[in-house]
Amino acid sequence: DIQMTQSPASLSASLGETVSIECLASEDIYSNLAWYQQKPGKSPQLLIYYASSLQDGVPSRFSGSESGTQYSLEINSLQPEDEGDYFCQQSYKFPLTFGSGTKLEIK
Amino acid sequence: QVQLKESGPGLVQPSQTLSLTCTVSGLSLTSNSVSWIRQPPGKGLEWMGVIWSNGGTDYNSAIKSRLSISRDTSKSQVFLKMNSLQTEDTAMYFCARKGEAYFDYWGQGVMVTVSS
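First to last, the protein sequences are chains A and B.
With my numbering applied, the first sequence covers 1 to 107.
With my numbering applied, the second sequence covers 1 to 116.
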C-alpha cells in the first residue's frame, strides 16, 4: 500500500498568516493527489485535485504544489472559516489511501 | 444537484453484520462510481471500496474478506455489507462519488457503533 505521511499533525496560526501542510508519498504517485478540508461533524470537502487544480467554488487562497513525492497545500491570508482538519489522498494505486490529517487552529 | 445520503442502524452487536444504504440523487449510478469511506472517532479516513459505473467492485485488501458492495440502479442506491463486526469497526461511514481520481461529492455520513 502507498503510505501518505502528513505533517504537521496540528498547527496554530493567526488570521491573515500563510500556512503550509505537507504529504510525503512512499512512492511516486504522479500528481494523483487530492486535498480535503473537514469541519467538525461534517463530511470532507474537496479543495484541490491532481495536486494543484482548484475545485470549483474553493477560494483562491488555497493552492497545491508538488516536488517529487512531496505534496504541499498552502493556505494564504488565513480566515476564521479555514479552521478544521485537512487530509491528503492518493489515487494512483489501490487501495486509495489518506494522510493522517492536520488540525488547523486559527488564533 | 448531486446528493448522497447514508442510512443504516446506529448500533450493531459484535460479530454481527453491518448493512448500510447510500441513496443518491442528481446522478446516475450507471455512469458514476461510488465509494465507501469510514472514519473512526477522532481518527483519519479509510477507503473501504468502490462500485464502478459498470457494476464492478474493488475493495481495500485489509477488509476485503468481510466486505461486499452492491447497488440497485433502479432505486439509485448503493449498499455496503460488512460481516464479523468488532469494536474497532466503530466509525462514521461515508459514501462519496468517485470522480476521475478524487471524491467530489460526499454524504453526510452515518455513525455506526459496535457494542453489545
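A virtual CB, placed ideally from N, CA and C, is assigned to each residue, including glycine.
Is residue i buried or exposed, if buried means 16 or more other CB atoms sit within 10 Å of its CB?
i               : result
V50 of chain B  : buried
Q90 of chain A  : buried
Q70 of chain A  : exposed
E6 of chain B   : buried
P8 of chain A   : exposed
G109 of chain B : buried
Y86 of chain A  : buried
P44 of chain A  : buried
A62 of chain B  : exposed
G101 of chain A : buried
Which residues mark the beginning and the end of the beta strand (DSSP E) in which residue i is found?
i               : result
I69 of chain B  : L67 to D72
S23 of chain B  : Note that residue 23 of chain B is Thr in the sequence shown, not Ser. Segment L18 to S25, the beta strand (DSSP E) holding T23 of chain B.
F87 of chain A  : G84 to Q90
Q108 of chain B : From DSSP, Q108 of chain B is part of no beta strand (DSSP E); its letter is neither H nor E.
E81 of chain A  : Careful: E81 of chain A lies outside any beta strand (DSSP E) and carries neither H nor E.
D58 of chain B  : T57 to Y59
K64 of chain B  : That residue, K64 of chain B, is in no beta strand (DSSP E); it is neither H nor E in DSSP.
Y71 of chain A  : Q70 to I75
E66 of chain A  : F62 to S67
Sorted by chain position, which residues of the same chain lie with C-beta nearer than 8 Å to residue i's C-beta, five sequence neighbours on each side aside?
i              : result
N60 of chain B : E46, W47, M48, G49 and L67
Between residue i and the rest of its own chain, which residues show a CB-CB distance below 6 Å, the 5 nearest in sequence each way excluded?
i              : result
K98 of chain B : S33, S35 and V50
S77 of chain A : G16 and R61
S25 of chain B : Q3
L80 of chain B : L20, W36 and I69
Please go through the same chain and pick out, in chain order, the residues whose beta-carbon is closer than 7 Å to the beta-carbon of residue i, but skip the five residues on each side of it.
i              : result
D82 of chain A : I75, L104 and I106
Exercise. Examine the Cβ distances between the stretch 1–16 of chain B and the stretch 75–86 of chain B and report whether three or more of them are shorter than 8 Å.
Key: Touching, per the Cβ criterion.
Self-check item: Minimum length 3: unbroken beta strand (DSSP E) runs contained in the stretch 32–60 of chain A
Solution: Those beta strand (DSSP E) runs which fall completely within the stretch 32–60 of chain A and span 3+ residues are 33–38 and 45–49.
Exercise. Would you be able to state if there are at least three C-beta pairs under 8 Å between the stretch 44–61 of chain A and the stretch 26–34 of chain A?
Key: They touch, by the three-pair rule.
Exercise. Any chance you could list the beta strand (DSSP E) runs of at least 3 consecutive residues sitting entirely within the stretch 6–33 of chain A, in chain order?
Key: Every unbroken stretch of the beta strand (DSSP E) spanning 3 or more residues and falling wholly within the stretch 6–33 of chain A is given here in chain order: 10–13 and 19–25.
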